[in-house]
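Engineer: Structure in structure tokens, see below.
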Amino acid sequence: MGCFSSKVKRQFPGHEDPVSLASQTAFTVSEVEALFELYKSISSSVIDDGLINKEEFQLAIFKNRKKENLFANRIFDLFDVKKKGVIDFSDFVRSLNVFHPNAPQEDKIDFSFKLYDLENTGFIERREVKQMLIALLCESEMKLADDTIELILDKTFREADVNQDGKIDLSEWINFVSKNPSLLKIMTLPYLRDITTTFPSFVFNSEVDEIAT
Amino acid sequence: EPVTMNAFELISTSQGLNLNSLFEK
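Going line by line, the protein sequences match chains A and B.
In this text, residue positions in the first sequence follow my numbering: the first is 17, and each later residue adds one.
In this text, residue positions in the second sequence follow my numbering: the first is 228, and each later residue adds one.
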């Protein structure tokens, strides 16, 4: 067992003990091990180095590595907790933990705020929202006139930017999503409840003596 | 035509924000 664990650690930099990761997240030990099966497949899709780079992340989302996307890049940057340009296994588990159906709502709100605060200023600014709208239009091949985009921004900031200073702060965001709960839908992945069923092979690669449920 | 959606409702439809695809084999 000891040999197996050290081999895993050598091949997968940042690999943390599944029992320890489970104790810090909403996942069980079995679920962490099932996530490791998914992680192995993503992290070996382009370069088999035990780490997920941006190209591998995009490939996992779009099944097409050539597709550059502002939002997938932004999620990658937030998953890259240690800011090393790659996602290691502990980053992967801790970040996905926010998307667990049982994760605290405050964590989901906080993550979504950071997601849209493209320039990490602590505010979601109008120009950032415009940039995201334009990126969405490019991605979806939908066309909207610039006047219409401005009208959408006016409406959004009228509703969200309560103190009308041209930017949305965290407390305004908390208030806004409480009135528009559908905005947090993307922050919950029901798949995470069934991860052991989706990746049953974790049982054969388990590092722990007894699988906790 | 009145604008009914807010910007974030539109943005959240991006495929790049759909992490469900990570689990689809």
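By construction, the Cβ of each residue, glycine as well, lies at the ideal position given by its N, Cα and C atoms.
Contact criterion: CB-CB distance below 8 Å. Does Val145/A meet it with respect to chain B?
Structural biologist: yes
Engineer: Which whole-angstrom value is the C-beta distance of Leu237/B and Leu152/A, which I expect to be below 8 Å?
Structural biologist: 6 Å
Engineer: Starting from the beta carbon of Lys201/A, find every residue of chain B whose beta carbon is closer than 8 Å, and list them in chain order.
Structural biologist: Ser239
Engineer: Going by beta carbon distance, what residues of the same chain come within less than 8 Å of Ile150/A, once the five residues before and after it are set aside?
Structural biologist: Ile165
Engineer: Threshold first: 4 residues or longer. Then list the alpha helix (DSSP H) segments lying entirely within the segment 54–86 of chain A, N to C.
Structural biologist: 70–78
Engineer: How would you call Ala50/A, buried or exposed, if buried means at least 16 neighbouring beta carbons within 10 angstroms?
Structural biologist: That one is buried.
Engineer: Going by Cα to Cα distance, which pick from Val114/A, Phe52/A and Val35/A is closest to Asn221/A?
Structural biologist: Phe52/A
Engineer: Below 7 Å CB to CB, which residues in the same chain sit around Leu54/A once its five sequence neighbours on both sides are set aside?
Structural biologist: Phe215
Engineer: Residues in the segment 81–93 of chain A with C-beta within 9 Å of chain B's C-beta atoms, listed in sequence order?
Structural biologist: Lys83, Asn85, Leu86, Phe87, Ala88, Asn89, Arg90 and Ile91
Engineer: Step through the CB atoms of chain B and report whether any lies within less than 8 Å of the CB of Thr214/A.
Structural biologist: yes
Engineer: Check this for me: beta carbons of Leu131/A and Leu169/A, under 8 Å apart or not?
Structural biologist: No, the Cβ-Cβ distance between Leu131/A and Leu169/A is not below 8 Å.
Engineer: Is Ala76/A close to chain C, meaning its C-beta is less than 8 Å from at least one C-beta of that chain?
Structural biologist: Absence of chain C from the displayed structure is noted, the protein chains being A and B.
Engineer: Taking 8 Å as the threshold (beta carbon to beta carbon), is Lys171/A in contact with chain B?
Structural biologist: yes
Engineer: Name, please, each residue of chain B whose Cβ falls closer than 9 Å to the Cβ of Glu155/A.
Structural biologist: Ser241, Gln242 and Gly243
Engineer: What is the residue span of the alpha helix (DSSP H) that Ala161/A lies within?
Structural biologist: Careful: Ala161/A lies outside any alpha helix (DSSP H) and carries neither H nor E.
Engineer: May I ask you to report which of helix, strand or coil DSSP gives Lys195/A?
Structural biologist: helix
Engineer: With distances taken Cα to Cα, identify the nearest neighbour of Val102/A among Lys201/A, Phe28/A and Ser46/A.
Structural biologist: Phe28/A
Engineer: Could you give the first and the last residue of the continuous alpha helix (DSSP H) run that contains Ile125/A?
Structural biologist: Gln121 to Tyr132
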